[in-house]
Amino acid sequence: MSIVNALEITREAAKGGYAVGAFNITSINQMEGVVEAAIEKKAPLIIQASVTPSQFLKPEVIVAVYRTLANQAPIPICLHLDHCTEVDYCKHLADVGYTNLMIDASKQVFEENIRQTKEVVDYCHAHSDASVEGELGTVSGVEDQVKVSEDEAALCNPEQAVKFVERTGVDIFAPAIGTAHGVYKTKNPKVDFERMAQINQMLNADRINTPLVVHGGTGLSEEYVKRLLEAGGAKFNVSTELKYTLIDATFNYISAKREEYNPGKVDIAVRDAIRSVVGRWIDMLGCAGKA
Ligand SMILES: [Zn+2]
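Each residue of the sequence shown is one higher than the one before, starting from 0 at the first, in numbering that gives the first Met the number 0.
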């Protein structure tokens with residue numbers, strides 16, 4: 000097992016009523032912490048990198064580390080490119096070895112979103128085992144290169160969702176349902192659970208065709224997570240919380256041991272903190288023991 004695309008593991012999740020955690024990484028150390036947590040919990044895993052960290056760390060380096068870790072791990076692991084707005088970069092990273100690519104053309108008009116998404120789907124299916132994620136409607140907030148203000152955010156229309164999935168052949172699908180990137184400004188964000196359940200019903204009633212993705216996991220309460228799982232969420236993206244954890248764990252460690260100058264210990268502190276956050280998410284998503 001070990002190296003898998005996102006469709007294989009999210010389809011199982013959708014059937015089983017749980018979700019696979021998809022955790023954004025910005026450093027190799029963080030990536031190792033995420034993998035350690037999933038191994039501890041015996042959970043299937045999706046490692047995600049947005050475009051900027053992919054470019055900064057170099058996709059070939061990320062893939063080499065991913066394959067090394069995945070080949071040693073007793074769990075299935077997918078490597079996902081998050082929110083990429085460039086068709087050609089999606090294709091390139093499928094060639095390099097990412098196993099799920101998200102083409103985010105959600106800011107384009109409907110027909111153009113379909114055209115770009117289909118182009119990535121056709122290429123990835125012809126040239127690799129990678130699966131492809133598409134998005135319809137827009138998720139507010141900032142995720143790497145994609146910025147959407149709250150008044151620009153548009154929820155996903157269920158009829159259009161069915162057309163989008165049919166015409167693009169996309170493997171997994173992210174409908175905008177009111178979750179947001181970044182940190183929620185309110186304790187009870189307006190999430191349209193019914194819309195999510197309706198889209199799931201329309202796409203996956205007879206059998207699981209196209210597992211659904213929830214963006215903006217950071218800050219959602221346990222109750223919201225549970226309701227989103229019931230509405231069909233099979234992949235949960237968690238990004239901001241991991242960035243905060245990395246920065247806070249680094250800051251706290253160095254503040255407490257200002258004179259130590261031992262980089263390995265800073266890395267261990269970060270990795271421990273990441274492991275604990277990811278472990279908590281895996282428990283909430285119900286995917287512990289599912290690998
Ligand atoms: Zn997202």
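Every residue gets a Cβ at the ideal spot worked out from N, C-alpha and C, and that includes glycine.
None of the values given here were measured: they were computed from a predicted structure.
Confirm, please, whether the CB-CB distance from Ile207 to Ala13 is below 8 Å.
In the sequence shown, residue 13 corresponds to position 14, counting from 1. In the sequence shown, residue 207 corresponds to position 208, counting from 1. Yes, the Cβ-Cβ distance between Ala13 and Ile207 is below 8 Å.
Using only the heavy atoms of ligand 1, determine whether one of them is closer than 7 Å to the beta carbon of Asn236.
For the purposes of this step, residue 236 is taken as residue 237 along the sequence shown, with counting starting at 1. Yes, the beta carbon of Asn236 sits closer than 7 Å to at least one heavy atom of ligand 1.
Using only the heavy atoms of ligand 3, determine whether one of them is closer than 7 Å to the beta carbon of Glu240.
In the structure on display, ligand 3 does not appear, and the ligands it does have are ligand 1.
Opposite Ile45 in the DSSP bridges: which residues?
Stepping through the sequence shown from its first residue, residue 45 is reached at position 46. BP columns for Ile45 point to Ala21, Cys77.
Beta bridge counterpart(s) of Val212 as assigned by DSSP
Here residue 212 corresponds to residue number 213 of the sequence shown, with the count starting at 1. Partner(s): Lys234.
Mind checking which residues open and close the beta strand (DSSP E) that includes Asn261?
As a first step, residue 261 is located in the sequence shown; it is residue number 262 there, counting from the start. Careful: Asn261 lies outside any beta strand (DSSP E) and carries neither H nor E.
Beta bridge counterpart(s) of Ser139 as assigned by DSSP
Start at 1 with the first residue of the sequence shown, and residue 139 comes out as number 140. Answer by DSSP bridge pairing, in chain order: Ala179.
Check: Glu149 C-beta below 7 Å from any heavy atom of ligand 1:
Looking up residue 149 in the sequence shown gives position 150. It does not: the Cβ of Glu149 is nowhere closer than 7 Å to a heavy atom of ligand 1.
For a test of your reading of the model: does the CB of His82 fall under 7 Å from any non-hydrogen atom of ligand 1? Yes or no.
For the purposes of this step, residue 82 is taken as residue 83 along the sequence shown, with counting starting at 1. For ligand 1, at least one heavy atom lies less than 7 Å from the Cβ of His82.
Helix, strand or coil at Ala173 [DSSP, three-state]:
Against the sequence shown, residue 173 aligns to sequence position 174. Ala173: strand per DSSP, three-state reduction.
Please report how far the alpha carbon of Val62 lies from the alpha carbon of Thr116, in whole angstroms.
Stepping through the sequence shown from its first residue, residue 62 is reached at position 63. Stepping through the sequence shown from its first residue, residue 116 is reached at position 117. Their Cα atoms are separated by approximately 23 Å.
Hey, Gln197 and Pro157 are a contact pair by Cβ (cut 8 Å); roughly how many whole angstroms apart?
Indexing the sequence shown from 1 puts residue 197 at position 198. Indexing the sequence shown from 1 puts residue 157 at position 158. Going by Cβ atoms, the distance from Gln197 to Pro157 rounds to 5 Å, so yes, they are a contact pair.
Endpoints, the beta strand (DSSP E) within which Leu154 is located:
Numbered from its first residue, the sequence shown carries residue 154 at position 155. Note, Leu154: premise wrong, no beta strand (DSSP E); not H, not E.
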